[in-house]
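**Student:** This is the structure, below, for whatever I ask next.
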Amino acid sequence: MASIASYPARRLKRRRNEWLRRNATVVALVLAGFVVIGVISSLILLIVPMPGRLYSLGLVHAALIAAGLHLLNSAFLAHDQEAVWQLRGAWGEDNTRSELQRAKRKRLIWDWIDSFELQAGDIDHLVITRHGGVLAIDSKWRNHVTAEDVPAMARSSRRAALRAEGLLRSVLKRESGARHRTTAKPVTVTPVVVLWGAARTGVPSDAIIDGVRFLDGRQLLQWLGDLDGHEVPRDAARGVMKLLKDYRSKVTSAMR
20 MASIASYPAR RLKRRRNEWL RRNATVVALV LAGFVVIGVI SSLILLIVPM
70 PGRLYSLGLV HAALIAAGLH LLNSAFLAHD QEAVWQLRGA WGEDNTRSEL
120 QRAKRKRLIW DWIDSFELQA GDIDHLVITR HGGVLAIDSK WRNHVTAEDV
170 PAMARSSRRA ALRAEGLLRS VLKRESGARH RTTAKPVTVT PVVVLWGAAR
220 TGVPSDAIID GVRFLDGRQL LQWLGDLDGH EVPRDAARGV MKLLKDYRSK
270 VTSAMR
């Protein structure tokens, strides 16, 4: 499926752009300083005879560019704590996306859609499995987890599943008369929390808290392969996924 930037990644990009605009003068001075250093280094390398001079010149330029970008990014993260949270969120969602790509190649799932934004919130990953119905996966990056974090993550995951159920009912209702319509019975979405970061190693293999399945991110692929529940027909999965993508395209166009 087409790669779509995660919600935290989009938030992070907006906050970084805002920070750059607020600190435009400082940023310009820093960049000017690196340009001066680059010019002086280039002159020295061009004047002093040495083997591999052009190679060294390119290496110095690349190192200066990398150092400048790293310095600005570090300054941004040091001054914006929320940006750090968004960065970790983006890492978590990107890791889960990579695992879902592997799951699709291994024919463990039919398809999935990332970062579905709704008025009430977003859904990190909406997954249509082959033998486990529909999942709403909430990706989390945590270095440590407190006793208060676990129920909070469970509540967040349940809300995401409810949003997914409402979304599915909405798009299926619009397709009245379509052969894959399943509104005769309620649409049920299973909430799942996938943990990344240092805290993932502390997740028990059978962790279910307040009705929400918690998984170590590295165990997601195996867990998907072990699912043995509601079988989803291929045509139904393709039809629902097309409806979801069409719906998101319309929503995205309306928001522009």
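Each residue of the sequence shown is one higher than the last, beginning at 20 in the numbering used here. We put the CB at the ideal spot given by N, CA and C, even for glycine. Given the structure is predicted, the values throughout are model-derived calculations rather than measurements.
Quick one: which unbroken beta strand (DSSP E) runs of 3-plus residues sit fully inside the segment 134-171? Chain order, please.
**Tutor:** 140-148 and 153-160
**Student:** Is Arg126 helix, strand or coil when you go by DSSP?
**Tutor:** Translated into positions along the sequence shown, residue 126 becomes position 107. In this structure, Arg126 counts as coil in the three-state DSSP scheme.
**Student:** What first and last residue would you give for the beta strand (DSSP E) that runs through Val213?
**Tutor:** Residue numbering aside, residue 213 sits at position 194 when the sequence shown is read from its first letter. Unbroken beta strand (DSSP E) run through Val213: Val208 to Trp215.
**Student:** Reducing DSSP to helix, strand and coil, say where Val67 ends up.
**Tutor:** Counting from one through the sequence shown, the residue named residue 67 turns up at place 48. If DSSP states are grouped into helix, strand and coil, Val67 belongs with coil.
**Student:** Can you say whether Asp168 is buried or exposed, counting buried as having 16 or more other CB atoms within 10 angstroms of its CB?
**Tutor:** On the sequence shown, residue 168 is found 149 positions in, with the first residue counted as 1. Using a 10 angstroms sphere on the CB of Asp168, the tally of other CB atoms stays under 16, which defines it as exposed.
**Student:** Excluding the 5 residues preceding and the 5 following Leu96 in the sequence, name in chain order all residues of the same chain whose CB lies nearer than 6 Å to its CB.
**Tutor:** Residue 96 sits at position 77 when you count from the first residue of the sequence shown. The residues are Ala102 and Val103.
**Student:** At 3 residues or longer, what runs of the beta strand (DSSP E) sit wholly inside the segment 31-114?
**Tutor:** none
**Student:** Using the C-alpha atoms, what's the distance from Asp113 back to Ala28?
**Tutor:** On the sequence shown, position 9 is the one that residue 28 refers to. On the sequence shown, position 94 is the one that residue 113 refers to. Taking the straight line from one Cα to the other gives about 9 Å.
**Student:** Buried or exposed for Arg182, please, with buried defined as at least 16 other CB atoms from any protein chain shown within 10 angstroms of its CB.
**Tutor:** Sequence index remark: in the sequence shown, residue 182 carries index 163 (1-based). It counts as buried.
**Student:** From which residue to which residue does the alpha helix (DSSP H) around Asp245 run?
**Tutor:** To locate residue 245, count along the sequence shown from 1; it is residue 226. It spans Leu239 to Asp245 - the alpha helix (DSSP H) in which Asp245 sits, taken as one unbroken run.
**Student:** Can you pull the DSSP bridge partners for Asp276?
**Tutor:** Outside the shown range of the chain (20 to 275) lies residue 276, about which nothing can therefore be said.
**Student:** Exposed or buried, what is Thr14 when buried is set at 16 or more other beta-carbons lying within 10 Å of its beta-carbon?
**Tutor:** The chain is shown from 20 up to 275; residue 14 falls before or after that span and cannot be answered.
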